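Chemist: Numbering (this note's numbering), first residue to last: 38 to 475. The beta-carbon is built from N, C-alpha and C at its ideal position, and this holds for glycine as well. These numbers were taken from a predicted model, which means no experiment stands behind them. Below are the structure tokens for one structure; questions will follow.
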Ligand code: URA
Ligand code: CA
């Protein structure tokens with residue numbers, strides 16, 4: 038087999054077999070196929086696409102290109118969730134204890150964030166003492182004991198994806214649906230769960246800008262799951278404004294705790310309940326959609342979900358008192374309110390502007406090596422559809438560097454569009470994609 042023939046085949050719109058994909062990907066990971074040939078093949082994929090089986094084969098080859106997690110020591114159907122990334126998205130901190138409190142074993146590895154705000158692991162580290170670096174044995178023992186563990190990534194999961202992503206980044210081939218779908222699903226499959234619930238964001242603050250693109254990505258990933266024998270469900274959800282009201286690590290932990298207490302923002306709460314219901318169905322805790330939703334609501338109401346979050350914090354060495362006393366979370370030294378320049382309805386809260394400004398306040402990493410400040414960020418006081426008075430607070434900014442507050446306040450003000458007349462409200466969830474509907 039020769040790489041040049043496989044490049045030509047894809048260039049001419051033909052499909053590659055499993056052994057041909059294996060030759061390309063494993064050869065590339067071993068350093069036997071050079072970047073220039075892989076780049077040419079990726080560009081051919083960008084223009085010619087791949088069929089469903091081909092995408093699934095590519096995904097499985099990438100998933101097996103390095104370490105894989107063996108979760109077979111955990112009883113039950115292990116379900117993982119994934120979000121394609123949005124602003125004010127603290128769903129993992131809410132959904133995982135909720136479903137764990139209902140019997141779904143969750144053994145979840147999360148990354149650190151790059152850009153906007155920290156990742157789940159960064160957010161958890163704002164809880165004093167919380168350890169995210171458990172050994173694989175501790176990780177599995179904890180899930181068997183309390184049903185839940187959230188840790189940072191260890192080992193070399195899907196190194197083929199790491200190499201391909203870096204190559205795509207410099208060859209203008211990131212936005213190819215087969216390549217995005219296989220990239221995401223290869224990492225999820227390597228992390229060992231039996232089924233997945235995916236949150237595919239669409240809108241101004243998301244990777245996918247249109248509903249059509251988001252639907253195609255969702256369908257492609259659900260199809261990969263089906264062909265790889267892992268039940269997968271995707272929700273296509275709105276990211277035209279931040280999901281929750283908090284953007285920043287400790288601020289998002291605080292919002293997660295408030296939401297687990299039943300005091301969270303409506304859109305965040307609704308999405309968490311829906312994602313949880315889907316996880317209960319994938320895990321076969323129930324076969325009834327309405328029962329799944331009822332169970333999720335009940336464990337919010339009774340405090341079981343919050344109790345599970347407390348158990349998680351204790352099990353991983355953190356100070357569980359934060360759940361009852363939010364002032365134990367890191368607090369910023371300075372705060373500033375951004376005030377409405379005029380009365381009217383909020384028509385827009387640009388999620389990208391909010392995300393980037395939170396990062397500039399220190400909540401996210403501009404570079405891999407940046408050190409993040411867990412206390413800082415933005416708390417929105419209003420959302421699209423609210424009627425506000427002139428001088429009313431739109432948002433509160435938190436910083437440890439007073440200098441940064443002024444510039445950030447001006448930017449956050451730009452994120453808001455205030456006008457007369459009620460705006461149309463986007464739904465929180467646009468579509469649900471299951472294997473049945475493909
Ligand atoms: N996120 C990923 O993990 N991979 C992609 O290709 C795009 C977004
Ligand atoms: Ca099921």
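Provide the residue span of the alpha helix (DSSP H) that contains residue 219, from first to last.
Modeler: The sequence position of residue 219 within the chain shown is 182, counting from 1. From DSSP, the alpha helix (DSSP H) with residue 219 extends over 214 to 227.
Chemist: Can you grab the Cα-Cα spacing for the pair residue 124 / residue 460, in whole Å?
Modeler: Position 87 of the chain shown, counted from the start, is the residue given in the question as residue 124. Position 423 of the chain shown, counted from the start, is the residue given in the question as residue 460. Pairing residue 124 with residue 460, the inter-Cα distance amounts to about 21 Å.
Chemist: Taking the C-alpha atoms as reference points, what is the distance between residue 301 and residue 419?
Modeler: As a first step, residue 301 is located in the chain shown; it is residue number 264 there, counting from the start. As a first step, residue 419 is located in the chain shown; it is residue number 382 there, counting from the start. Rounded to whole angstroms, residue 301 to residue 419 spans 13 Å at the Cα level.
Chemist: What is the DSSP secondary structure of residue 167, counted as helix, strand or coil?
Modeler: Taking the first residue of the chain shown as 1, we reach residue 167 at position 130. It is coil, neither helix nor strand.
Chemist: For the alpha helix (DSSP H) that contains residue 313, what are its first and last residues?
Modeler: Here the question's residue 313 lines up with position 276 in the chain shown. Its alpha helix (DSSP H) spans residues 303 to 319.
Chemist: Could you name the residues, in chain order, whose CB is less than 5 Å away from a heavy atom belonging to ligand 1?
Modeler: 217, 220 and 221
Chemist: Does the structure place the segment 376 to 394 close enough to the segment 414 to 432 that three or more beta carbon pairs sit under 8 Å?
Modeler: yes
Chemist: Give me, in chain order, the residues of the same chain whose beta-carbon lies closer than 8 Å to that of residue 44; leave out the 5 immediate sequence neighbours on both sides.
Modeler: By 1-based counting over the chain shown, the position of residue 44 is 7. Answer for residue 44: 74, 77, 78 and 81, listed in chain order.
Chemist: Using the Cβ count rule (16 or more neighbours within 10 Å means buried), how would you classify residue 331?
Modeler: Position 294 of the chain shown, counted from the start, is the residue given in the question as residue 331. By the neighbour-count rule (16 or more Cβ atoms within 10 Å), residue 331 is not buried but exposed.
Chemist: Within 10 angstroms of its Cβ, does residue 207 collect 16 or more other Cβ (buried), or is it exposed?
Modeler: One-based indexing of the chain shown puts residue 207 at position 170. Exposed, by the Cβ-count rule.
Chemist: Taking DSSP as the reference, what is the three-state secondary structure of residue 244?
Modeler: Residue 244 sits at position 207 when you count from the first residue of the chain shown. The answer is coil: DSSP assigns residue 244 none of H, G, I, E or B.
Chemist: Where do the N-terminal and C-terminal ends of the alpha helix (DSSP H) with residue 129 fall, by residue?
Modeler: Taking the first residue of the chain shown as position 1, residue 129 is located at position 92. Taken as a continuous stretch (DSSP letters only), the alpha helix (DSSP H) holding residue 129 covers 128 to 137.
Chemist: Could you say which of 121, 400, 144 and 39 lies nearest to residue 550 if we only look at CA atoms?
Modeler: Coverage of the chain is limited to positions 38 through 475, which leaves residue 550 absent and any answer about it impossible.
Chemist: For residue 257, does the three-state DSSP call read helix, strand or coil?
Modeler: By 1-based counting over the chain shown, the position of residue 257 is 220. Note: residue 257 maps to helix in three-state DSSP.
Chemist: Between which two residues does the beta strand (DSSP E) holding residue 455 run?
Modeler: Working through the chain shown from its first residue, we reach residue 455 at position 418. Unbroken beta strand (DSSP E) run through residue 455: 453 to 456.
Chemist: Is the separation between the beta-carbon of residue 265 and that of residue 235 shorter than 8 Å?
Modeler: For this step, residue 265 is matched to residue 228 along the chain shown. For this step, residue 235 is matched to residue 198 along the chain shown. It is not a contact, given that the beta carbons lie outside the stated cut-off.
Chemist: Under the assumption that residue 333 contacts residue 314 (Cβ atoms under 8 Å), give the Cβ distance between them as a whole number of angstroms.
Modeler: In the chain shown, counting from the first residue as 1, residue 333 sits at position 296. In the chain shown, counting from the first residue as 1, residue 314 sits at position 277. Contact flag correct, Cβ pair sits at about 5 Å.
Chemist: Expressed to the nearest angstrom, what Euclidean distance is found between the alpha-carbon atoms of residue 84 and residue 250?
Modeler: What you label residue 84 is simply residue 47 of the chain shown in a count that begins at 1. What you label residue 250 is simply residue 213 of the chain shown in a count that begins at 1. Their Cα atoms are separated by approximately 16 Å.
Chemist: Return the Cβ separation of residue 92 and residue 196 in integer angstroms, given the expectation that the two are a contact with Cβ distance under 8 Å.
Modeler: The residue you call residue 92 lines up with position 55 of the chain shown. The residue you call residue 196 lines up with position 159 of the chain shown. The pair is not a contact, with the Cβ atoms about 19 Å apart (cut-off 8 Å).
Chemist: Report the partner residues of residue 146 according to the DSSP bridge assignment.
Modeler: For the purposes of this step, residue 146 is taken as residue 109 along the chain shown, with counting starting at 1. DSSP lists 188 as partners of residue 146.
Chemist: How about residue 115 and residue 144: do their beta carbons lie closer than 8 Å?
Modeler: Position 78 of the chain shown, counted from the first residue, corresponds to residue 115. Position 107 of the chain shown, counted from the first residue, corresponds to residue 144. Yes, the Cβ-Cβ distance between residue 115 and residue 144 is below 8 Å.
Chemist: Okay, do the segment 291 to 299 and the segment 359 to 372 touch, 3+ Cβ pairs below 8 Å being the bar?
Modeler: yes
Chemist: For residue 476, does the count of other Cβ atoms within 10 angstroms reach 16, so buried, or fall short, so exposed?
Modeler: A query on residue 476 cannot be resolved here, the shown segment of the chain reaching from 38 to 475 and no further.
Chemist: Where residue 345 and residue 297 are concerned, what is the direct C-alpha to C-alpha distance, given to the nearest angstrom?
Modeler: On the chain shown, position 308 is the one that residue 345 refers to. On the chain shown, position 260 is the one that residue 297 refers to. Cα to Cα, the separation comes out at about 10 Å.
Chemist: Can you give, in chain order, each stretch of the alpha helix (DSSP H) that sits fully within the segment 339 to 363 and has at least 4 residues?
Modeler: 341 to 352
Chemist: Name the two residues that bound the continuous alpha helix (DSSP H) containing residue 322.
Modeler: Position 285 of the chain shown, counting from 1, holds the residue named residue 322. For residue 322, no alpha helix (DSSP H) encloses it, and the DSSP letter there is neither H nor E.
Chemist: Alpha carbon to alpha carbon, what distance is there between residue 161 and residue 287?
Modeler: For this step, residue 287 is matched to residue 250 along the chain shown. For this step, residue 161 is matched to residue 124 along the chain shown. Roughly 8 Å between the two C-alpha positions.
Chemist: Nearest by alpha-carbon distance to residue 127: which of 446, 464, 150 and 472 is it?
Modeler: Residue numbering aside, residue 127 sits at position 90 when the chain shown is read from its first letter. Nearest option by C-alpha distance: 150.
Chemist: I think residue 299 touches residue 338, with their Cβ atoms under 8 Å apart; what is that distance to the nearest whole Å?
Modeler: Taking the chain shown and counting its residues from 1, the one referred to as residue 299 is at position 262. Taking the chain shown and counting its residues from 1, the one referred to as residue 338 is at position 301. Confirmed, Cβ separation roughly 6 Å.
Chemist: For the beta strand (DSSP E) containing residue 157, list its first residue and its last residue.
Modeler: Within the chain shown, residue 157 is the residue found at index 120, counting from 1. No beta strand (DSSP E) contains residue 157, which is instead part of the alpha helix (DSSP H) from 157 to 161.
Chemist: If you reduce the DSSP assignment to three classes, tell me which class residue 172 lands in.
Modeler: Position 135 of the chain shown holds residue 172. Looking at residue 172 - three-state DSSP - the assignment turns out to be coil, as it is neither helix nor strand.
Chemist: How would you write the range of the alpha helix (DSSP H) that residue 392 sits in, first residue to last?
Modeler: Walking along the chain shown from the start, residue 392 turns up at place 355. According to the DSSP assignment, residue 392 belongs to the alpha helix (DSSP H) that extends over 388 to 398.
Chemist: Below 8 Å, how does it come out for the segment 271 to 279 and the segment 92 to 112: are there three or more Cβ pairs, yes or no?
Modeler: No, the segment 271 to 279 does not touch the segment 92 to 112.
Chemist: Let's test the definition: count the other Cβ atoms within 10 Å of the Cβ of residue 158 and tell me whether it reaches 16, buried, or not, exposed.
Modeler: Your numbering for residue 158 matches position 121 in the chain shown. By the neighbour-count rule (16 or more Cβ atoms within 10 Å), residue 158 is buried.
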